[in-house]
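Before any comments, here is the structure.
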Amino acid sequence: MKKMTVLCIVTSMALFASYAAADVIYTCTNTGQERTITIVYQDQVTKVPCEVIYQKGDVTETLWSAQNEVGYCEAKVEAFLEKQRGWGWACNASAVPASEEGMMSQKATKEEAQETAPQEVKGDI
20 MKKMTVLCIV TSMALFASYA AADVIYTCTN TGQERTITIV YQDQVTKVPC
70 EVIYQKGDVT ETLWSAQNEV GYCEAKVEAF LEKQRGWGWA CNASAVPASE
120 EGMMSQKATK EEAQETAPQE VKGDI
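What follows is the structure in structure tokens.
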């Protein structure tokens, strides 16, 4: 029971913290299909921690995340957008105001203290 209470408190704090920053959303389209790449910030000023969330249809996954390295998520997204464009996708950016942004998925473990990278990205993403 005590673990559940701690988990609820940590989750609540993390969810409220995510409202302090504005996300950047890239929408990519190709032949009627749509992909969404979102940079989610916990802190708009420092830009870290951040996550890069990728949505393809009903599937959503975290491609990259950074706890300390400013610019990491942005650099990964720029490189990924270039790949998307090379595959024929047209991508446009928009920002979500802090009051409307979604929740950053929380994985509060010590292992996430370092930046993570995805497995090899396939061409039909």
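Read in order, the letters of the sequence shown are residues 20 to 144 in the numbering used here.
Ideal Cβ positions, reconstructed from N, Cα and C, are used throughout, including at glycine.
For this session: Return helix, strand or coil for E88, following the three-state DSSP convention.
Result: Locating residue 88 in the sequence shown gives position 69, counting from the first residue. When DSSP states are grouped into helix, strand and coil, E88 belongs to the coil group.
For this session: Using alpha carbons as the reference points, say which of Q103, V89, Q74 lies closest to L82.
Result: Against the sequence shown, residue 82 aligns to sequence position 63. Considering only Q103, V89, Q74, the residue with the shortest C-alpha distance to L82 is Q74.
Exercise. Which residues mark the beginning and the end of the beta strand (DSSP E) in which K75 is found?
Worked result: Position 56 of the sequence shown, counting from 1, holds the residue named residue 75. Start and end: 69–75.
Problem set entry | C-alpha gap between D62 and Q86, whole angstroms | Within the sequence shown, residue 62 is the residue found at index 43, counting from 1. Within the sequence shown, residue 86 is the residue found at index 67, counting from 1. Distance between the alpha carbons of D62 and Q86 is about 11 angstroms.
Problem set entry | Contact check, V71 vs F99, beta carbons under 9 angstroms | On the sequence shown, position 52 is the one that residue 71 refers to. On the sequence shown, position 80 is the one that residue 99 refers to. In this structure, V71 lies near F99, with their beta-carbon atoms less than 9 angstroms apart.
Problem set entry | T79 - DSSP class collapsed to helix/strand/coil | As a working note, residue 79 is residue 60 in the sequence shown. The DSSP-derived three-state label of T79 is strand.
Exercise. In the structure shown, what three-state DSSP assignment does G94 receive?
Worked result: In the sequence shown, counting from the first residue as 1, residue 94 sits at position 75. Sequence check: residue 94 is Ala here, not Gly. Three-state DSSP puts A94 in a helix.
Problem set entry | Cβ-Cβ distance between C47 and C110 below 9 angstroms | For the purposes of this step, residue 47 is taken as residue 28 along the sequence shown, with counting starting at 1. For the purposes of this step, residue 110 is taken as residue 91 along the sequence shown, with counting starting at 1. Taking a C-beta distance under 9 angstroms as the contact criterion, C47 and C110 qualify as a contact pair.
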